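Okay, structure first, notes after.
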Amino acid sequence: MNRNSLRARVTAFYVSMLAVALALFCFAVYGGVRAYLTNSMQRTLIHTAETIITDYVVPLDTKGQSWFQNEMSESYPAGISDPFVRVSQGGKILYESGDIREPFVEVSGLALPADSSVLNSFRRVRADTGQPLMIYTKSYAGQRGSPILVQTGANMEPLFHLLQGLVVILMMAMPVILIGAAVGGHLLMAGPLRPVVALTEKAESIGRKELGERLPIIHSGDELERLSLALNRMIDRLEEALAHNRRFSADASHELRTPLTIIHGELEALLEIPGLTTQAVEGISSALDESERMSRIVHNLMTISRLDSGGERIEMRPVELTSVLKSTLDHMSLLADEKSILVTCNAAAPVWVTGDSMRLKQVIVNLVDNAIKYTSEGGTIEVTLQAEDDKAALRIADTGIGIPAESLPFVFDRFYRADRARSRESGGTGLGLAIVKAICTAHSGVVSVESSESKGSTFRVQLPLLPLSERDAALLESSPALPRGGSNSEESAVESPIKS
Ligand code: ADP
Numbered sequence: 109m110n111r112n113s114l115r116a117r118v119t120a121f122y123v124s125m126l127a128v129a130l131a132l133f134c135f136a137v138y139g140g141v142r143a144y145l146t147n148s149m150q151r152t153l154i155h156t157a158e159t160i161i162t163d164y165v166v167p168l169d170t171k172g173q174s175w176f177q178n179e180m181s182e183s184y185p186a187g188i189s190d191p192f193v194r195v196s197q198g199g200k201i202l203y204e205s206g207d208i209r210e211p212f213v214e215v216s217g218l219a220l221p222a223d224s225s226v227l228n229s230f231r232r233v234r235a236d237t238g239q240p241l242m243i244y245t246k247s248y249a250g251q252r253g254s255p256i257l258v259q260t261g262a263n264m265e266p267l268f269h270l271l272q273g274l275v276v277i278l279m280m281a282m283p284v285i286l287i288g289a290a291v292g293g294h295l296l297m298a299g300p301l302r303p304v305v306a307l308t309e310k311a312e313s314i315g316r317k318e319l320g321e322r323l324p325i326i327h328s329g330d331e332l333e334r335l336s337l338a339l340n341r342m343i344d345r346l347e348e349a350l351a352h353n354r355r356f357s358a359d360a361s362h363e364l365r366t367p368l369t370i371i372h373g374e375l376e377a378l379l380e381i382p383g384l385t386t387q388a389v390e391g392i393s394s395a396l397d398e399s400e401r402m403s404r405i406v407h408n409l410m411t412i413s414r415l416d417s418g419g420e421r422i423e424m425r426p427v428e429l430t431s432v433l434k435s436t437l438d439h440m441s442l443l444a445d446e447k448s449i450l451v452t453c454n455a456a457a458p459v460w461v462t463g464d465s466m467r468l469k470q471v472i473v474n475l476v477d478n479a480i481k482y483t484s485e486g487g488t489i490e491v492t493l494q495a496e497d498d499k500a501a502l503r504i505a506d507t508g509i510g511i512p513a514e515s516l517p518f519v520f521d522r523f524y525r526a527d528r529a530r531s532r533e534s535g536g537t538g539l540g541l542a543i544v545k546a547i548c549t550a551h552s553g554v555v556s557v558e559s560s561e562s563k564g565s566t567f568r569v570q571l572p573l574l575p576l577s578e579r580d581a582a583l584l585e586s587s588p589a590l591p592r593g594g595s596n597s598e599e600s601a602v603e604s605p606i607k608s
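In structure tokens, the structure reads:
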């Protein structure tokens, strides 16, 4: 259970609230029961004392001592009376019910009331046998002698036992109620939170490829419904802004193409003019180089913008990637040879994917070209292609300069170059990997990189494999559109970044 989840926090909150409420309730129950039992005991003691005075003490003067003794021992027999009673006058005991038997409580040793401060009040004393007792004393001023004092007393131990039992029950019930509430609440919270979980999962997936999808609307009529609607409106605005941005990039690159072609043509025409000074020729040639570079950037930018916006038409057909890879490497071997770089290719079995062979070739060209560009003379490049589960896995590993760790997250960004000087020197535009990523995304694939500086880099491309049934159909059809070792038309269509 995630302790930071809303569900856990809400459960923890209301369980704490419930614990506080239960604690207050337990205190109230305990206090109430205790007060009730004590009051009942006090009422009994008062009532007994008053009964003794009315029924036996008041007629004492007229009826005599022996009548009094008889009546008292009948009503409050010695040794078994609870409450215990004692009647005294001037320090002399007139009658005492004596020690209580079941349970045995020794009360006969209790002192007689010392002064009038104890009259009409309750005292707590401890019996010689250890039990706590509550004693009530009431006086009656007779016609003769000093006032007659009536003491009534009760054992408080049963009351305390009862209260202890109550505390045990409450203490045992509280954790059971709290655990039950926590488990039940946690399970109950799952229902209301389910739409939020679905909303989060959908929000996570939206935008990985496109913003075309929308969040599910929670029809609860409350804040959650408003949240889902507000988030969808936000995605609408984001999509609009993104589309605007892409249209702008695509339009800008398109608009730049014509003036660049004109500049290029004009510069070439200028070079033809006879009698130009060496300085002028050098200047015009340099401008021509830069205009070519700019054309490449504009072309690449347009490709990415179109791929991103879906404007670039991608032919989704069965493609046998191993043949495409081998023919591409064949054509690039010269470049590697120039730098004495050994290129090995581990791709024996045919690997079928769905896609645009021209674009997939461009992925290979860009990655292998980079590997050659950023590997020193005498280095090696290892290219592997195989089917792994339901994916075609292409791996291009070089022993080149590597990419600094801080640059790794950005290498697929447009115009990002880890080593600007070196990239520019080798004719790089910083758009090669952005194109690779855009093509992979358009093919529902992914590209990733691992690298350590001065040791080398490994680029991995994963594309969904063509389902077996479609592959068999493609083989049977043997359509001329299928790549068979790479046709000339394909090669000429891919703009190779290989510089001569
Ligand atoms: P560029 O045209 O500059 O090569 P890319 O988009 O192809 O642009 O690559 C972006 C940056 O990633 C490069 O500038 C380079 O710093 C780094 N890079 C790409 N591939 C490799 C590689 N195989 N080895 C080392 N660095 C690489």
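Position one of the sequence shown corresponds to residue 109 (my numbering), numbered consecutively onward.
For every residue, glycine included, the Cβ atom is placed at its ideal position computed from N, Cα and C.
A quick note: this is a predicted structure, and the numbers were derived from the prediction, not measured.
**OP:** Rounded to whole angstroms, what's the CA-CA distance from Gln259 to Gly217? Just pull it up for me.
**Re:** Position 151 of the sequence shown holds residue 259. Position 109 of the sequence shown holds residue 217. A straight line joining the alpha-carbon of Gln259 with that of Gly217 spans about 13 Å.
Original post:
Counting along the chain, where does the alpha helix (DSSP H) carrying Thr411 start and finish?
Top reply: On the sequence shown, position 303 is the one that residue 411 refers to. Boundaries of the alpha helix (DSSP H) harbouring Thr411: 386–417, taken from the DSSP string.
Original post:
For ligand 1, any of its heavy atoms closer than 6 Å to the Cβ of Thr537?
Top reply: Reading the sequence shown from its first residue, position 429 is the one you call residue 537. Yes; taking the cut-off as 6 Å, the Cβ of Thr537 has a heavy atom of ligand 1 nearer than that.
Original post:
What span of residues does the alpha helix (DSSP H) with Pro506 cover, start to end?
Top reply: Working through the sequence shown from its first residue, we reach residue 506 at position 398. One detail in the question is off: residue 506 reads as Asp in this sequence, not Pro. Asp506 -> not in any alpha helix (DSSP H); beta strand (DSSP E) instead, spanning 499–506.
Subject >> Option in Thr245, Phe192, Leu583, Ala479 with minimal Cα separation from Ser205 >> reply: Taking the sequence shown and counting its residues from 1, the one referred to as residue 205 is at position 97. If we check each option's Cα against that of Ser205, Phe192 comes out closest.
**OP:** Would you decide whether Ile511 is buried or exposed? Buried here means 16 or more other CB atoms lie within 10 Å of its CB.
**Re:** Position 403 of the sequence shown holds residue 511. Flag for Ile511 reads buried.
Original post:
What is the rounded straight-line gap between the Cα of Arg341 and the Cα of Asp580?
Top reply: Taking the first residue of the sequence shown as position 1, residue 341 is located at position 233. Taking the first residue of the sequence shown as position 1, residue 580 is located at position 472. C-alpha separation (whole angstroms): 45 Å.
Subject >> Any non-hydrogen atom of ligand 1 within 6 Å of Leu541 CB >> reply: If you number the sequence shown from 1, residue 541 lands on position 433. With a cut-off of 6 Å, the C-beta of Leu541 is classified as near ligand 1, since at least one heavy atom of the ligand falls inside that distance.
Subject >> Cut-off 6 Å between Cβ atoms - residues of its own chain near Asp190, not counting five sequence neighbours on either side >> reply: By one-based count along the sequence shown, residue 190 stands at place 82. Cβ contact annotation for Asp190 (same chain, cutoff 6 Å, sequence separation greater than five): Ile208, in chain order.
Original post:
Mind checking Asn478: buried by the 16 CB within 10 Å criterion, or exposed?
Top reply: By one-based count along the sequence shown, residue 478 stands at place 370. By the Cβ neighbour-count rule, Asn478 is buried, with 16 or more other Cβ atoms within 10 Å of its own.
Original post:
In this structure, does DSSP put Pro426 in helix, strand or coil?
Top reply: Locating residue 426 in the sequence shown gives position 318, where the first residue counts as 1. Of the three classes helix, strand and coil, the one that applies to Pro426 here is strand, per DSSP.
Original post:
Going by the beta-carbon positions, is the gap between Val165 and Ile285 smaller than 7 Å?
Top reply: Against the sequence shown, residue 165 aligns to sequence position 57. Against the sequence shown, residue 285 aligns to sequence position 177. Result no, Cβ atoms of Val165 and Ile285 do not sit closer than 7 Å.
**OP:** Within 10 angstroms of the Cβ of Leu442, are there 16 or more other Cβ atoms? Answer buried if so, exposed if not.
**Re:** As a first step, residue 442 is located in the sequence shown; it is residue number 334 there, counting from the start. With fewer than 16 other beta carbons inside 10 angstroms of its own, Leu442 counts as exposed.
Subject >> the segment 494–505 / the segment 557–577 touching (three or more Cβ pairs under 8 Å) >> reply: When C-beta atoms of the segment 494–505 are compared with those of the segment 557–577, three or more pairs fall below 8 Å, so the two segments count as touching.
Subject >> Ala360 versus Ile370, Ala136, His407, residue with shortest Cα-Cα distance >> reply: Here residue 360 corresponds to residue number 252 of the sequence shown, with the count starting at 1. If we check each option's Cα against that of Ala360, His407 comes out closest.
Original post:
Going by DSSP, which residues form a beta bridge with Pro572?
Top reply: Taking the sequence shown and counting its residues from 1, the one referred to as residue 572 is at position 464. In DSSP, Pro572 forms a bridge with Lys499.
Original post:
Is the closest heavy atom of ligand 1 to the C-beta of Tyr122 under 6 Å?
Top reply: Working through the sequence shown from its first residue, we reach residue 122 at position 14. Taking 6 Å as the cut-off, one finds no heavy atom of ligand 1 near enough to the beta carbon of Tyr122.
**OP:** In angstroms with no decimal places, state the Cα-to-Cα distance between Arg142 and Leu227.
**Re:** Within the sequence shown, the letter at position 34 stands for residue 142. Within the sequence shown, the letter at position 119 stands for residue 227. Those two C-alpha atoms are separated by around 24 Å.
Original post:
Identify the residues that DSSP records as bridge partners of Ala262: which are they?
Top reply: On the sequence shown, residue 262 is found 154 positions in, with the first residue counted as 1. Ala262 is bridged to Met242.
**OP:** Name the two residues that bound the continuous alpha helix (DSSP H) containing Ile511.
**Re:** To locate residue 511, count along the sequence shown from 1; it is residue 403. First-last for Ile511: undefined, no H or E at that position.
**OP:** For the alpha helix (DSSP H) containing Phe133, list its first residue and its last residue.
**Re:** Working through the sequence shown from its first residue, we reach residue 133 at position 25. Counted as a single uninterrupted DSSP element, the alpha helix (DSSP H) harbouring Phe133 occupies residues 114–160.
Original post:
Would you report the Cα separation of Leu409 and Arg115, rounded to the nearest angstrom?
Top reply: Within the sequence shown, numbered from 1, the residue matching residue 409 stands at position 301. Within the sequence shown, numbered from 1, the residue matching residue 115 stands at position 7. Leu409 and Arg115 have their C-alpha atoms spaced approximately 47 Å apart.
Original post:
On the three-state DSSP scale, how would you describe Ala589?
Top reply: Residue mapping note: residue 589 aligns to position 481 of the sequence shown, counting from 1. Because Ala589 carries a pLDDT of 48, less than 50, the predicted location of this residue cannot be relied on, and the following value inherits that uncertainty. Coil.
**OP:** Would you grab the beta carbon distance between Ile472 and Val432 for me? Rounded to a whole angstrom, and I think it's under 8 Å.
**Re:** Within the sequence shown, the letter at position 364 stands for residue 472. Within the sequence shown, the letter at position 324 stands for residue 432. Contact between Ile472 and Val432 holds, since their C-beta atoms are separated by about 7 Å, short of 8 Å.
**OP:** Give me the Cβ distance between Gly293 and Val128, rounded to the nearest whole Å; I'm assuming they're in contact under 8 Å.
**Re:** Numbered from 1 along the sequence shown, position 185 holds the residue referred to as residue 293. Numbered from 1 along the sequence shown, position 20 holds the residue referred to as residue 128. Not really, about 15 Å apart at Cβ, beyond 8 Å.
Original post:
Does DSSP put Ser595 in a helix, in a strand, or in coil?
Top reply: In the sequence shown, counting from the first residue as 1, residue 595 sits at position 487. The predicted model places Ser595 with a pLDDT of 36, which falls under 50 and marks its position as unreliable, so this point remains unresolved.
**OP:** With DSSP as the reference, please indicate the residues paired to Ser254 in a beta bridge.
**Re:** Residue 254 sits at position 146 when you count from the first residue of the sequence shown. Secondary-structure assignment with DSSP links Ser254 through no beta bridge to anything.
Subject >> Candidates Pro211, Pro221, Ser183, Phe567, of which the one nearest Gln197 by Cα >> reply: The sequence position of residue 197 within the sequence shown is 89, counting from 1. Nearest C-alpha to Gln197: Pro221.
Original post:
If we ignore side chains and look at the alpha-carbon of each, how far apart do Met125 and Ala290 end up?
Top reply: Translated into positions along the sequence shown, residue 125 becomes position 17. Translated into positions along the sequence shown, residue 290 becomes position 182. Computed Cα separation, rounded: 11 Å.
Subject >> Exposure label - Gly463; buried when at least 16 CB within 10 Å >> reply: On the sequence shown, position 355 is the one that residue 463 refers to. Using a 10 angstroms sphere on the CB of Gly463, the tally of other CB atoms reaches 16 or more, which defines it as buried.
**OP:** Could you name the residues of the same chain whose beta carbon sits closer than 7 Å to that of Leu368, not counting the 5 residues immediately before and after it, in chain order?
**Re:** Here residue 368 is taken as the residue at index 260 of the sequence shown, counted from 1. Closer than 7 Å at Cβ, skipping near neighbours: Ser399, Met402, Ser403, Val406.
Original post:
What first and last residue would you give for the beta strand (DSSP E) that runs through Asn228?
Top reply: Taking the sequence shown and counting its residues from 1, the one referred to as residue 228 is at position 120. Judged by DSSP secondary structure, Asn228 falls outside any beta strand (DSSP E); it is assigned neither H nor E.
Original post:
How many Å lie between Met180 and Tyr203 at the Cα?
Top reply: Within the sequence shown, the letter at position 72 stands for residue 180. Within the sequence shown, the letter at position 95 stands for residue 203. Pairing Met180 with Tyr203, the inter-Cα distance amounts to about 7 Å.
Original post:
Taking C-beta to C-beta, are Ser326 and Pro303 nearer than 7 Å?
Top reply: Within the sequence shown, the letter at position 218 stands for residue 326. Within the sequence shown, the letter at position 195 stands for residue 303. In the sequence as displayed, the identity of residue 326 is Ile instead of Ser. Contact: yes.
Original post:
If Asp169 sits next to Arg252, beta carbons under 8 Å apart, how far is it from one beta carbon to the other, in whole angstroms?
Top reply: In the sequence shown, counting from the first residue as 1, residue 169 sits at position 61. In the sequence shown, counting from the first residue as 1, residue 252 sits at position 144. At roughly 6 Å, the Cβ-Cβ gap stays under 8 Å, so Asp169 and Arg252 are in contact.
**OP:** State the DSSP-derived secondary structure class of Ile606, mapped to helix, strand or coil.
**Re:** Here the question's residue 606 lines up with position 498 in the sequence shown. Because Ile606 carries a pLDDT of 35, less than 50, the predicted location of this residue cannot be relied on, and the following value inherits that uncertainty. Residue state, collapsed to three classes: coil.
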